[in-house]
Amino acid sequence: MKILVPVKRVIDYNVKVRVKADLSGVDLANVKMALNPFCEIAIEEAVRLKEAGSATEVVVVSIGTAAVQEQLRTALALGADRALHIETDLNPDSLQVAKLLAKVVADEQPGLVILGKQAIDSDNNQTGQMLAALTGMGQGTFASKVVLADGKVQVTREIDGGLQTVELTLPAVVSTDLRLNEPRYASLPNIMKAKKKPLDVKAADSFGVNLQSNVKLLKVAAPATRQGGIKVESVAQLVDKLKHEAKVI
Amino acid sequence: MAILIIAEHNNQSLKGETRKVVQAATAIGGDITVLVAGFNCAGVAAEAAAIAGVSKVLSADNAAYEHQLAENVAALVTELGKDYSHILAAATTTGKNFLPRVAALLDVAQISDVIAIESADTFVRPIYAGNAIATVQSTDSIKVLTVRPAAFRAAETGNNAAVETIAVVQDAGVSRFISAELTKSERPELTAARVVISGGRGMQNGENFALLNGIADKLGAAIGASRAAVDAGFVPNDMQVGQTGKIVAPELYIAVGISGAIQHLAGMKDSKVIVAINKDAEAPIFQIADYGLVADLFTVLPELEQQL
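Note that the protein sequences, when read in sequence, are chains A and B.
Going letter by letter, the first sequence gives residues 1 to 249 in the working numbering.
Going letter by letter, the second sequence gives residues 250 to 557 in the working numbering.
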């Protein structure tokens, strides 16, 4: 069985983002970029399924400018077998990404698609669900455990009140939550080997998907900053402040 | 304009988030219909009919919707949704699960986690873990939105809208519910609590979370946790507050032994008053706390419980 893992290049999660002065967006010039943390977990899960003999091949795919090849190489160094770069200068939103991925699914016929539950830049949490909808597949979102058996996959999902387990017919879409696994680091020999692994590049135009979004970004502003607080000296003073100044208890 | 809201419930009772979504919908303006999709959920439909501003409740009561599997609920909502200008659900794990599926089936974008409504087509939402606030305008024929409950107050009750039963059954047949393991708690729900007290890695182990119990009891507070505390196995993951956990905006948030990573702040920085208790005076949490106490939590917590 083949596993398809869509991955995204995003701003590194430790970077404190800055909003541009003209409110047109977030300043990404000279900022450290990385694999989206949830995508790393998706790669790790796919590689583990391959190591366990449940999968035969792990294919990673990313959409964007030539820069995303850096993240695809990282994915290859982590154990993916080959990569596909869908090249575009546009910044497609979740629906367009899902449409492109649906075409890749039609070409590659994977038994399982594993992706992150959300990208830490747009915080949308949509692409996996949309891809499942467009391909008619079942979805196991926010997965903290994935078990393959008898042409089905059992996915334990993190839900608001606790955990829920569902069983999906394959092929299916799984989106990863943080606790699914702990991603490995790429070793230097594997980083070197990854340079020789196949990486195909296709133009996004060749997929016949309209990449124009119907959602227009009007402005991006910095959030309201909180008033600087004070430090209290003792518990007594804290309780007094909460009772008489903030009046919250 | 006609607005469809999908109710959040557990087949027995309506969750408070739905009233907040109704409040958000009143800012769009138009007729509000609430869909209750579940099994043996007549009580939920009656509760939904009592929310002020709701003009009609649709009840889809069938075993296919009992566990609100995304495949079945999305097919139902897609079929009904074609007649509406807006489709809304709460940005809970349930809403986040099925609504993007609906949007894709309707071939429209979804706007996630809306925190303010500027007009019928212009919405405000946080991006980059809440470090930037985007205003977006949608020209899609149907606007599909998840609404962040913490950003809206709950609509009043006291209404008596008509409940209409719909017989549409959608069973995609690709998914099956196996089991659920729900965390039992006597305390208020994290996302609805007026006061939240959270522990982080500084709590050192799960047993020490008991130190928060007495304080939570006295304040009627819910107990939360940082990701570090969850990952270390101190507490279950549904207690996690942050970008990837729950987003809360209580009147009082007390962070105990939490350093204040960007991802945690994303889940609580809209709280009205923030208190930080940490022995590291340099911890980032102090930059956003209204009241900070630099001290060892193991001496402070018993003292605090006593003085409340």
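Virtual Cβ for every residue (Gly too), placed ideally from N, Cα, C.
query, result
"Backbone CA spacing between Asn409 (chain B) and Thr341 (chain B) [nearest angstrom]", "26 Å"
"Closest by C-alpha distance to Arg350 (chain B), when choosing among B:Lys467, B:Gly463, B:Glu328", "B:Glu328"
"Beta-carbon contacts of Leu388 (chain B) that lie in its chain and below 8 Å, excluding the five residues immediately before and after", "Note that residue 388 (chain B) corresponds to Thr in the displayed sequence, not to Leu. Hits under 8 Å: Asp370."
"Contact belief for Val60 (chain A) with Lys50 (chain A) at Cβ below 8 Å, rounded distance in angstroms", "Wrong, their Cβ atoms sit about 12 Å apart, outside the cutoff."
"Which of helix, strand or coil DSSP assigns to Pro551 (chain B)", "helix"
"Buried or exposed by the 16-neighbour rule on C-beta atoms within 10 Å, applied to Phe426 (chain B)", "exposed"
"Contact under 7 Å by Cβ, Gly506 (chain B) with Gly448 (chain B)", "yes"
"Partners in chain A for Leu542 (chain B), counting only beta-carbon separations shorter than 9 Å", "Lys231, Val232, Glu233, Ser234, Val235, Gln237, Leu238"
"Straight-line Cα distance separating Glu315 (chain B) from Ala309 (chain B)", "10 Å"
"CB contact below 7 Å: Phe426 (chain B) versus chain A", "yes"
"Chain-order list of residues whose beta-carbon lies under 7 Å from that of Ser361 (chain B) (same chain, five-residue window excluded)", "Ala340, Arg374, Thr395"
"Extent of the continuous alpha helix (DSSP H) to which Gly330 (chain B) belongs", "319 to 330"
"Per-residue contacts from Ala222 (chain A) into chain B (C-beta, under 9 Å)", "Asn380, Ala381, Ile382"
"C-beta atoms of Ala400 (chain B) and Ile364 (chain B) nearer than 7 Å", "yes"
"For Ala83 (chain A), three-class secondary structure by DSSP", "strand"
"For Leu100 (chain A) and Val215 (chain A), believed in contact at Cβ under 8 Å, the rounded distance", "Not really, about 17 Å apart at Cβ, beyond 8 Å."
"Gln555 (chain B), buried or exposed, once every other Cβ within 10 Å from all chains shown has been counted against 16", "exposed"
"Coil, strand or helix - Asp240 (chain A) by DSSP", "helix"
"Leu307 (chain B) and Ile391 (chain B) closer than 7 Å at C-beta", "no"
"Reduced DSSP category for Glu44 (chain A) - H, G, I as helix; E, B as strand; rest coil", "helix"
"Own chain, CB closer than 6 Å to Gly344 (chain B), minus 5 neighbours either side, in chain order", "Ala338, Thr395"
"Short CB-CB distance (under 7 Å) between Lys345 (chain B) and chain A", "yes"
"Residue of B:Gly302, B:Cys290, B:Ala295, B:Ala297 minimising C-alpha distance to Ala251 (chain B)", "B:Gly302"
"Ala441 (chain B) and Gly265 (chain B) closer than 7 Å at C-beta", "yes"
"Rounded Cβ spacing between Ala77 (chain A) and Ala194 (chain A) (contact assumed at less than 8 Å)", "4 Å"
"Any chain A beta carbon closer than 7 Å to Asp389 (chain B)", "yes"
"Nonlocal neighbours in the same chain, by C-beta distance under 7 Å from Asn250 (chain A), ignoring five residues either side", "The requested residue 250 (chain A) is not part of the displayed model; chain A covers only 1 to 249."
"Interface partners of Leu252 (chain A) on chain B, CB under 9 Å", "It is not possible to answer for residue 252 (chain A), since the shown part of chain A is limited to 1 through 249."
"Contact test: Leu557 (chain B) Cβ vs the ligand NAD heavy atom, cutoff 6 Å", "The ligand NAD is absent from the structure shown, which contains no ligand whatsoever."
"Residue environment, His244 (chain A), which counts as buried when at least 16 other CB atoms sit within 10 Å", "exposed"
"Thr548 (chain B) burial status per 10 Å Cβ neighbour count (16 or more: buried)", "exposed"
"Within chain A, the residues that Arg350 (chain B) reaches when beta carbons sit closer than 8 Å", "Gln129, Met130, Ala132, Ala133, Gln139"
"Gln386 (chain B) versus Val524 (chain B): straight-line alpha-carbon distance, rounded", "36 Å"
"Chain-ordered residues of the region 148 to 181 of chain A with a beta carbon less than 8 Å from chain B", "Gln154, Arg157, Glu158, Ile159, Asp160, Gly161, Gly162, Leu163, Gln164, Thr165, Val166, Glu167, Leu168, Thr169, Ala172, Asp177, Leu178, Arg179"
"Where Arg268 (chain B) falls, given that 16 or more other Cβ within 10 Å makes a residue buried", "buried"
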